[in-house]
Amino acid sequence: MTALEPDSSSSPISANNRTPKNKSPKVLDRRSPRSPVSEKKRPSRITELESLVSQLHEELKKAKDQVIESETSKKQAEQEAEESRKQLEELSSKLQEKHNQECDFKSVASGDEIAGLAFVVEEIRQLKHQIENVASSEANHMKQAELRNSEIHLLRGNLMETLFLVENFRNQVRDCEVSEAETEALATETLRQLENARKAVEELKSDGAKAVESYKKMAGELEQSKSRMVLLEALVTKDKDYEEVSSLRCEVERLREALEASDRKDQEGNVEASSRLRIQAELQSELKIARSEIDELKGRLVEKEAELQFVSEEKDNLYLKETDVEAETKQLKEAMENLKADLMDKETELQIVSDENETLKSDINKRERDVQDVLVKLGIAMEEADKSSKRAVRVAEQLDATQASNSEMEIELRKLKVQSNQWRKAAEAATAMLSAENNGKCDKTNSPYSEDVDDEVTKKKNGNMLKKIGVLWKKPQK
């Protein structure tokens, strides 16, 4: 009994596991083609996911660095744009002032100065047009930088979401691996217990069969001894011979002893059989308990099979999710490559824009120098305009003086007219006198000496005439 109790204690567990033994290979056969591949694939996928996550972290760091660089370049561009705007505002204010001064001095400036100012105005308009183009290009670059920043923020959010999903997938894979290991350990333990219970039940069956066989053998021997005893008693009644009787008695005694021994053995066998029957009843009750436990284990195995099925489905779902994640990571890699290409393009564009800004700055500096030269020229022109205005004032004063002198001249002219009339009358008188004298002396014109004499005479007469005219000229002035 004591020796059989540990077997009986282990027997319910082992006996319960006898019937699921037919199912467990199915479960193992069902899982066996998947588990080694999944066990081989699982760490590789996990390592791939970890490497991918590390790559994504590195790419995220690179993207953050690029974003920081782009933000710094954007800030620098904004500062440069602000400085250029300030310069443009200063230039525009200066140009406006110069334009106002120009408008003020246009009325005073001469034709050459007006042409120079028109040329300066045209250059100023070109500068304004270039400045407006620079401002519009800077606004476009600012808009492009804002669009790039929004795209970078969106990609950053997508990367964070994918990293969160990958982390969740890793946690789910770890949980599934832990649950799978636990279910496999539980299945192996239940299989071991079922094997032990099956062995214990087989041993109990063999012991019961041996006990039944020994009991049947003892019963057969007892029946044989009884039949021999009956035969011997019949022989005793028939044969009265003493020797035979004595021999028969001896034999009967021997048979009685044998019968008693067989009875004792039978009683012992009955006791042993009763003990065996009791043990068998106990074993049957234990078998019932083991069967109930086996049924419970069957239910648990069914539940575990359902759990394993659910876990396998979850593994399949996780595999599909992993494929989806791999596809998403590929898409993200492509997006990162595209983003890198876009960033390279934007960097080239920024470089081009910075070069253009440098060229524009140099042009603006050149234009500023030109404007300074123009301002110097304008200053010179203003000085000349001041001089010309002063000259015009002097001319106006002179004109006023000339007008006053003109009035005086008119008076003098009137006097001169009177004098000229007097001169005319005197001239007429003189011509009359001369004509009379010439008519009296016309006969003396043939000899050359006479011509010389006439010339001298005419000169003297002319001198006398001029003296008379001078006298006539001086008379009205008195």
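Counted from 1, the sequence shown has number 229 at position 229 by the UniProt record's numbering; the numbering is strictly sequential. Backbone N, C-alpha and C fix where the C-beta goes; we use that ideal spot for every residue, glycine too. All figures in this text were calculated on a predicted structure; none of them were measured in a lab.
(1) Taking the alpha carbon of ASN317 as the reference point, which residue from LEU159, LYS143, SER54, PHE169 has its own alpha carbon closest?
(2) Measure from the alpha carbon of GLN55 to the alpha carbon of each residue in MET336, GLU358, GLY379, then state which is nearest.
(3) Could you check whether the stretch 142 to 155 touches the stretch 359 to 369, counting it as contact only if at least three pairs of C-beta atoms, one from each stretch, sit closer than 8 Å?
(4) I'd like the list of long-range same chain contacts for GLU59, defined as Cβ closer than 7 Å, with 5 residues on each side in sequence excluded.
(5) If you draw a straight line from the alpha carbon of ALA404 to that of ARG394, how long is it in whole angstroms?
(6) Thinking C-beta only, is HIS141 closer than 9 Å to LEU339?
(7) Taking one C-beta from the stretch 212 to 222 and one from the stretch 308 to 317 each time, how about it: are there three or more such pairs within less than 8 Å?
(8) Check the C-beta distance from ASN158 over to LEU343 and give it rounded, since I have them as a contact under 8 Å.
(9) Take the Cβ of THR329 as the centre, count every other Cβ of all protein chains shown within 10 Å, and call the residue buried at 16 or more, exposed below.
(10) Rounded to a whole number of angstroms, what is the C-alpha to C-alpha distance between ARG254 and VAL271?
(11) Please confirm if the stretch 178 to 195 is in contact with the stretch 297 to 307, defined as three or more CB-CB distances below 8 Å between the two stretches.
(12) Compute the distance between the beta-carbons of GLU307 and THR188, then report whether it is under 9 Å.
(13) Could you check the C-alpha separation between GLU356 and GLU122 for me, to the nearest Å?
(14) Thinking C-alpha only, which one of GLU326, LEU186, TYR319, GLN284 is nearest GLU303?
(15) What is the C-beta distance between GLN66 and ASP363, in whole angstroms, given that I count them as a contact (C-beta under 8 Å)?
(16) Below 8 Å on the Cβ atoms is my guess for VAL166 versus VAL325; work out the distance and round it to an integer in Å.
(17) Tell me whether ILE380 is buried or exposed, calling it buried when 16 or more other Cβ atoms sit within 10 Å of its Cβ.
(18) On the criterion of 16 or more Cβ atoms from any shown chain inside 10 Å, does THR402 qualify as buried, or is it exposed?
(19) With 16 as the cutoff for other CB atoms within 10 Å, does LEU320 come out buried or exposed?
(20) Give the straight-line distance between the Cα atoms of GLN267 and SER285, rounded to the nearest whole angstrom.
(21) Residues in the same chain with beta-carbon distance under 7 Å from GLU5, minus the five sequence neighbours each way, listed in chain order, please.
(22) Where ASN365 and GLU358 are concerned, what is the direct C-alpha to C-alpha distance, given to the nearest angstrom?
(23) Straight-line CA distance for SER292 to VAL173?
(24) Please classify ILE411 as buried or exposed, where buried requires at least 16 other C-beta atoms within 10 Å of its C-beta.
(25) Does the beta-carbon distance from GLN150 to VAL353 come in below 9 Å?
(26) Can you tell which of MET160, ASP386, LEU231, GLU221 has its C-alpha closest to the C-alpha of ARG264?
Put simply:
(1) Mapped onto the sequence shown, residue 317 falls at position 317. The option with the nearest alpha carbon to ASN317 is PHE169.
(2) Looking up residue 55 in the sequence shown gives position 55. If we check each option's Cα against that of GLN55, MET336 comes out closest.
(3) no
(4) Position 59 of the sequence shown, counting from 1, holds the residue named residue 59. So the list reads MET336, once near-sequence residues are dropped.
(5) Here residue 404 is taken as the residue at index 404 of the sequence shown, counted from 1. Here residue 394 is taken as the residue at index 394 of the sequence shown, counted from 1. Computed Cα separation, rounded: 15 Å.
(6) Working through the sequence shown from its first residue, we reach residue 339 at position 339. Working through the sequence shown from its first residue, we reach residue 141 at position 141. In this structure, HIS141 does not lie closer than 9 Å to LEU339 by Cβ.
(7) no
(8) The residue labelled residue 158 in the question sits at position 158 within the sequence shown. The residue labelled residue 343 in the question sits at position 343 within the sequence shown. That belief does not hold up - the Cβ atoms of ASN158 and LEU343 are roughly 16 Å apart, past 8 Å.
(9) Taking the first residue of the sequence shown as position 1, residue 329 is located at position 329. When all chains shown are included, THR329 counts as buried.
(10) Position 254 of the sequence shown, counted from the start, is the residue given in the question as residue 254. Position 271 of the sequence shown, counted from the start, is the residue given in the question as residue 271. ARG254 and VAL271: Cα-Cα distance of roughly 25 Å.
(11) yes
(12) As a working mapping, residue 307 is identified with position 307 in the sequence shown. As a working mapping, residue 188 is identified with position 188 in the sequence shown. Not a contact, by the Cβ cut-off of 9 Å.
(13) Working through the sequence shown from its first residue, we reach residue 356 at position 356. Working through the sequence shown from its first residue, we reach residue 122 at position 122. Taking the straight line joining both Cα atoms gives about 23 Å.
(14) As a working note, residue 303 is residue 303 in the sequence shown. GLU303 has its Cα closest to that of LEU186, out of GLU326, LEU186, TYR319, GLN284.
(15) As a first step, residue 66 is located in the sequence shown; it is residue number 66 there, counting from the start. As a first step, residue 363 is located in the sequence shown; it is residue number 363 there, counting from the start. Not a contact, Cβ separation roughly 31 Å.
(16) Along the sequence shown, one-based indexing puts residue 166 at 166. Along the sequence shown, one-based indexing puts residue 325 at 325. Yes, they are in contact, since the Cβ atoms of VAL166 and VAL325 sit about 6 Å apart, within 8 Å.
(17) Residue 380 sits at position 380 when you count from the first residue of the sequence shown. The residue in question, ILE380, is exposed, as its Cβ has fewer than 16 Cβ neighbours within 10 Å.
(18) Counted from its first residue, the sequence shown places residue 402 at position 402. The residue in question, THR402, is exposed, as its Cβ has fewer than 16 Cβ neighbours within 10 Å.
(19) As a first step, residue 320 is located in the sequence shown; it is residue number 320 there, counting from the start. LEU320 comes out exposed.
(20) Reading the sequence shown from its first residue, position 267 is the one you call residue 267. Reading the sequence shown from its first residue, position 285 is the one you call residue 285. Looking at the two C-alpha atoms, the distance is approximately 26 Å.
(21) Residue 5 sits at position 5 when you count from the first residue of the sequence shown. Bear in mind that a pLDDT of 40 at GLU5, under 50, signals an unreliable position, so the number given afterwards is only what the model happens to contain. Here the set comprises nothing.
(22) Along the sequence shown, one-based indexing puts residue 365 at 365. Along the sequence shown, one-based indexing puts residue 358 at 358. In a straight line, the C-alpha of ASN365 is about 10 Å away from that of GLU358.
(23) One-based indexing of the sequence shown puts residue 292 at position 292. One-based indexing of the sequence shown puts residue 173 at position 173. Those two C-alpha atoms are separated by around 36 Å.
(24) Counting from one through the sequence shown, the residue named residue 411 turns up at place 411. ILE411 should be labelled exposed.
(25) Start at 1 with the first residue of the sequence shown, and residue 150 comes out as number 150. Start at 1 with the first residue of the sequence shown, and residue 353 comes out as number 353. Sequence inspection shows Ser at residue 150; the Gln mentioned does not correspond to that position. No.
(26) Translated into the one-based positions of the sequence shown, residue 264 becomes position 264. Checking every option, the nearest Cα to that of ARG264 belongs to GLU221.
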